[in-house]
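Each residue of the sequence shown is one higher than the one before, starting from 1125 at the first, in our numbering. For glycine and all other residues, C-beta sits at the position ideal for the given N, C-alpha and C. In this text, all values refer to a predicted model and were calculated from it rather than measured experimentally.
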Amino acid sequence: MGRRASDNPRQVPSKICGCPRCMQVYPPGEKYGDRRRRRDCIGSWQARYRDPSGKQKAKNFPVDKGGKKAAEAFLDRTRTTVRERTYGDPKRGEITLAQWWELWWKAQPDRAVTTRNRKLSNWTAHIEPKWGRWRLCDLEHIELQAWLTKQVKGYHTRKKVWEVLNQMLKAAVKDGRRIPFNPAADLDIGEAPAKHPDDVRPPTREQVALIVEHLPLYYRPLVVFLENTGMRWGEATGLRWENVDLEANHLKVKEVLSEDDGRLFRKAAPKSVAGFRTVPVTPQAADAIRTMVDRWRPRSTVTPIGEDPYLLVPEELVFRGPQGGTLTRHNFRRVWVPAIQEAGLARQVKNPETGRLEWWPRVHDLRHVFATWLKDLGIDEKDTQTVMGHERGSKVTWIYQHSPEDVAAKVRARMAPESEGVRTLRAVAG
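As structure tokens, this is what we get:
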């Protein structure tokens, strides 16, 4: 910031002061009014400094707010922050959160369409209506916490909304220290609502076979394939014939079909880096693939994902709809729900997050069935993790491995075997 001037800080003349200097600068009379004369000056003390760009700035400190000592202390602090590159211009934090969103959003790197649209939705639906007109420097931790807790409903919604707000304000700290700290850091989003074990338990393989029996013939290969590979819906419906090697009994997961606002598009990257993987093909899965290949004779080419990800090229897909187009979740539910109902397995489960009733079992539960099957076979955790496309181990992979329905009966049988008989307590009259 350079060497401090000899008159820095300096006392600036005041129109309401009656000292000789101020009376000379602002003479009494019609323009500045009459005022009582005094010896000492009550004008503010002005601290002058240069910001990191070299621009000169000033800040005044009234006598009743510390005056000269406060100005000197401010200069010392400012000199240190400029030297240590931690200086932040308070005026940079005076823009509104909505103005900062425009700057921040334009600077964001390209993400998956679904990710960008989710962030945009969280901003427009939750953050902007409440905080858009607030200045960055006025946002307070406790006010943000109260809003997040009381007005943003649902754990997963709170989590996603907080992530956007936290990223925005974290960037504001880094961007020339528009604000000195992030008031959204460490906000408490609560805990995910608990679910009863019966509501997250996947169906057994016998139950899946029963569902398959009640599905229209056309869709049976798809369900058998999902059960035997553990692939996600978008990975299976986006599988292209070029990525299948039945002679080597494996397939490659290289792209997925995703859905945004009801519209399908191709995405080169699966859910995570680990999603790019090789999946073993069982005889049942191979038969399912051959059935679909015999029906549609897919092209043995892979059209690159160009500038238009909505160009789906269904002619290259292994699994297609009855009319030859791409499969969608919405249309498949029209045959899935009647099948689980006719199989006598369907029940409606309340989603604790949304409050809506959902049908059990879900199509995604077939992935859970696959993971539980691998565990029952004694497959190593790391191998299971790799085959299923998970980046993390136990916290993710084993979430799919639910205990069998009769676990309570098994534990009770070990605790009270029939051979030992049953001991009871009886009341004895005193």
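- Taking every protein chain shown into account, the CB of I1303 has 16 or more other CB atoms within 10 angstroms, so this residue is buried.
- A distance below 7 Å between beta-carbons, with the five flanking residues on each side excluded, links T1238 to the following residues of its chain, in chain order: S1382, D1384.
- With distances taken between CA atoms, S1138 lies nearest to F1185 out of Q1180, K1181, F1185, E1439.
- Looking at A1195, R1325, Y1343, the one whose alpha-carbon comes closest to that of P1446 is Y1343.
- Shown here for H1250: same chain residues with a beta carbon closer than 7 Å to its own, the five before and five after excluded, namely V1276, V1285 in chain order.
- The alpha-carbon of A1308 is positioned some 6 Å away from that of H1265.
- Counted as a single uninterrupted DSSP element, the beta strand (DSSP E) harbouring T1402 occupies residues 1401-1404.
- Beta-bridge partners of A1171 (DSSP): K1183.
- For D1384, the enclosing beta strand (DSSP E) covers residues 1380-1384.
- The continuous alpha helix (DSSP H) containing E1505 extends over residues 1505-1512.
- Here the segment 1320-1327 lies against the segment 1488-1503, with 3 or more beta-carbon pairs under 8 Å apart.
- Comparing alpha-carbon positions, the option among Q1148, D1262, W1169 lying closest to R1162 turns out to be Q1148.
- Here P1133 is buried: its Cβ has 16 or more other Cβ atoms, across all protein chains shown, within 10 Å.
- Per DSSP, the beta-bridge partners of H1374 are D1369, P1404.
- In the DSSP assignment, K1474 falls within the beta strand (DSSP E) that extends over 1471-1474.
- The Cβ atoms of V1459 and A1470 do not sit closer than 8 Å to each other.
- The three-state secondary structure of Q1135, taken from DSSP, is strand.
- The bridge partners DSSP lists for R1387 are D1384.
- Between the C-alpha atoms of I1335 and A1463 there is a straight-line separation of about 6 Å.
- Within the DSSP bridge table, the entry for E1482 names V1473 as partners.
- Remark: three or more beta-carbon pairs, one from each stretch, lie closer than 8 Å, so the segment 1359-1374 and the segment 1418-1434 are flagged as touching.
- DSSP places Q1223 in the uninterrupted alpha helix (DSSP H) bounded by 1221-1230.
- If you ignore the 5 residues before and after P1152, its C-beta comes within less than 7 Å of the C-beta of D1158, R1159, all in its own chain and listed in chain order.
- Counting C-beta atoms within 10 angstroms of its own C-beta, E1359 has 16 or more neighbours from the protein chains shown and is therefore classed as buried.
- Here I1413 is buried, its C-beta having at least 16 other C-beta atoms within 10 Å.
- A distance below 6 Å between beta-carbons, with the five flanking residues on each side excluded, links W1255 to the following residues of its chain, in chain order: L1221.
- N1241 and I1429 have their C-alpha atoms some 20 Å from each other.
- Rounded to whole angstroms, the gap between the alpha carbons of R1235 and T1248 is 18 Å.
- For Q1275, the enclosing alpha helix (DSSP H) starts and ends at 1265-1275.
- Looking at A1295, A1194, K1391, the one whose alpha-carbon comes closest to that of Y1434 is K1391.
- Under the DSSP assignment, N1455 falls in the alpha helix (DSSP H) whose first and last residues are 1453-1466.
- Looking at the DSSP output, L1441 bridges to R1364.
- Here R1282 carries a helix assignment [DSSP, helix/strand/coil].
- A check of alpha carbon separations from H1488 across Y1173, L1346, G1190, I1313 identifies L1346 as the nearest.
- Here the alpha carbon of K1474 sits roughly 35 Å from the alpha carbon of K1378.
- Taking all protein chains in view, the Cβ of Q1135 is crowded by 16 or more other Cβ atoms within 10 Å, so the residue is classified as buried.
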